[in-house]
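In what follows, a single structure is set out as C-alpha cells and then discussed.
Protein chains: 2
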Amino acid sequence: MKRTNKPISYSKTTEETARFAKALSHPVRLTILKHLSSQNCCFTGDLVEVLPLAQSTISQHLKELKEAGLIQGEVNPPKVKYCIDVENWNKAKNFFDTLFNEDFSKISCC
Amino acid sequence: MKRTNKPISYSKTTEETARFAKALSHPVRLTILKHLSSQNCCFTGDLVEVLPLAQSTISQHLKELKEAGLIQGEVNPPKVKYCIDVENWNKAKNFFDTLFNEDFSKISCC
DNA sequence: ATCCTTTATCGTGGATGTGCGATGATCATT
DNA sequence: AATGATCATCGCACATCCACGATAAAGGAT
Numbered sequence: 201m202k203r204t205n206k207p208i209s210y211s212k213t214t215e216e217t218a219r220f221a222k223a224l225s226h227p228v229r230l231t232i233l234k235h236l237s238s239q240n241c242c243f244t245g246d247l248v249e250v251l252p253l254a255q256s257t258i259s260q261h262l263k264e265l266k267e268a269g270l271i272q273g274e275v276n277p278p279k280v281k282y283c284i285d286v287e288n289w290n291k292a293k294n295f296f297d298t299l300f301n302e303d304f305s306k307i308s309c310c
Numbered sequence: 201m202k203r204t205n206k207p208i209s210y211s212k213t214t215e216e217t218a219r220f221a222k223a224l225s226h227p228v229r230l231t232i233l234k235h236l237s238s239q240n241c242c243f244t245g246d247l248v249e250v251l252p253l254a255q256s257t258i259s260q261h262l263k264e265l266k267e268a269g270l271i272q273g274e275v276n277p278p279k280v281k282y283c284i285d286v287e288n289w290n291k292a293k294n295f296f297d298t299l300f301n302e303d304f305s306k307i308s309c310c
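One line per chain: the protein sequences are Y and V, in this order. Counted the way my numbering counts, the first sequence spans residues 201 to 310. Counted the way my numbering counts, the second sequence spans residues 201 to 310.
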C-alpha cells in the first residue's frame, strides 16, 4: 500500500459532474429547480413567498445555481426572471446518465 | 414579496436526492466510484496507490460514500473490500432520472 | 428630486468539508 | 507476547457553506 504522489488531474467531465452535483446537493436548491421546472420560470420574489428563508439567502442559492450553469436570469427591472438553462441542464443530465449507466444487476459482487 | 415563516419540510425524495448529490459532489469520490464500477470491487489500499492522497483522507471519503449508501464494505481482515451498493445506486439513478426528466426542449421560455 | 419595489451584495457567526499526521483496532504470522 | 499489515478514527488546521440582517443598486412612480 504505497501512496502515489503523482498529482492526479481529474477529467473535465469529472470536474463538471462534481460541480453540478454540488449545486444539487442542497434541498433548497432542489426545491428551487423543481419549482422552476414546473412553472417554467419565476421571479426571485415568488420563491421568497414559498420558501421560509430570508430574501438574501434565496438570492445566494440562485447565484450558486447560476454559477453552476443550471439556471439563467434575465433582468427585467426591478425584477429578475429565472429559468432553467436548458443546454447545461441537458449536459448535466447526460453526465449523470453516464455515471449511472453501469448495470450492476448482472454482476455478482466479486 | 412577503416571506413565509411556515417551516417547510422537504419531501423525503428531495432530502435523499440532496444526500446522494452531496456524496457525488467531490472529484475524488467520483473517481472512487468510477474505479469501483470498472473494477467491480476493490480494497482501500488499491485506491491509495492510485490517488495522490493520504490513506486517512481516502478512508474518510469512503466513509462518506458508505454513509450516503452508495457503497458497502465487507471486512476481510486485515483488508476491507468495497463495492457499489447496487440497491441504493439504482435508487439514486432513479432519483436523478426523475429530476432531469423534464423536457425543456419544447418549452419556449416564458 | 424623492420614495417604493425588487433584487444583489456585504459582513458576520456558526456549522460543515477537506486534507494531514498520529494513533488505535483488528487479526494473521512469528 | 511481539511484530507487521491494513484500515478506521482522532485531533488539528484551513477553507467553504449557509443563514441572517443591513445596505447598495436600479429603475418606475409620485
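Glycine residues also receive a C-beta, built at the ideal position from the N, C-alpha and C atoms. Note that this is a predicted model, so its numbers are computed, not measured.
Per DSSP, what kind of secondary structure is residue 274 of chain Y in: helix, strand or coil? The answer is strand: DSSP assigns residue 274 of chain Y an E or B state.
Quick test of the definition: if touching needs 3 or more C-beta pairs under 8 Å, does the segment 253–268 of chain Y touch the segment 224–239 of chain Y? Enough Cβ pairs lie closer than 8 Å, so yes.
Contact under 9 Å by Cβ, residue 270 of chain Y with residue 288 of chain Y: In terms of Cβ geometry, residue 270 of chain Y and residue 288 of chain Y form a close pair [threshold 9 Å].
Hey, residue 284 of chain V and residue 252 of chain Y are a contact pair by Cβ (cut 8 Å); roughly how many whole angstroms apart? About 37 Å separates the CB atoms of residue 284 of chain V and residue 252 of chain Y; that is not less than 8 Å, and the two are not in contact.
In or out: residue 256 of chain Y buried (at least 16 other Cβ within 10 Å) or exposed? Classified as exposed, residue 256 of chain Y has fewer than 16 neighbouring CB atoms from the shown chains inside 10 Å of its CB.
Got a sec: which bits of the segment 205–222 of chain V sit with their beta carbon under 7 Å from any beta carbon on chain Y, in order along the chain? Going along the segment 205–222 of chain V in chain order, one finds 205, 206, 207, 208, 210, 214, 215, 217, 218, 221 and 222 with a Cβ nearer than 7 Å to chain Y.
From the DSSP output, in three-state form, read off residue 248 of chain V for me. Per DSSP, reduced to three states, the secondary structure at residue 248 of chain V is helical.
Suppose the cutoff is 7 Å on Cβ atoms and the five residues either side in sequence are ignored; what does the same chain contact list for residue 242 of chain V look like? Once the five neighbours on either side are set aside, the close Cβ partners of residue 242 of chain V are 235, 236 and 282.
Through-space distance from residue 294 of chain Y to residue 213 of chain Y, alpha-carbon basis: Cα to Cα, the separation comes out at about 10 Å.
Could you check the C-alpha separation between residue 260 of chain Y and residue 248 of chain V for me, to the nearest Å? The straight-line gap from Cα to Cα measures roughly 37 Å.
Step through the CB atoms of chain Y and report whether any lies within less than 9 Å of the CB of residue 275 of chain V. Chain Y contact via Cβ: absent.
Here's a check: name, in chain order, each residue in its chain whose Cβ is nearer than 6 Å to the Cβ of residue 292 of chain V, leaving out the five neighbours to either side. Taken in chain order, the residues that qualify are 220.
Would you say residue 280 of chain Y and residue 258 of chain Y are within 9 Å of each other, going by their C-beta atoms? No.
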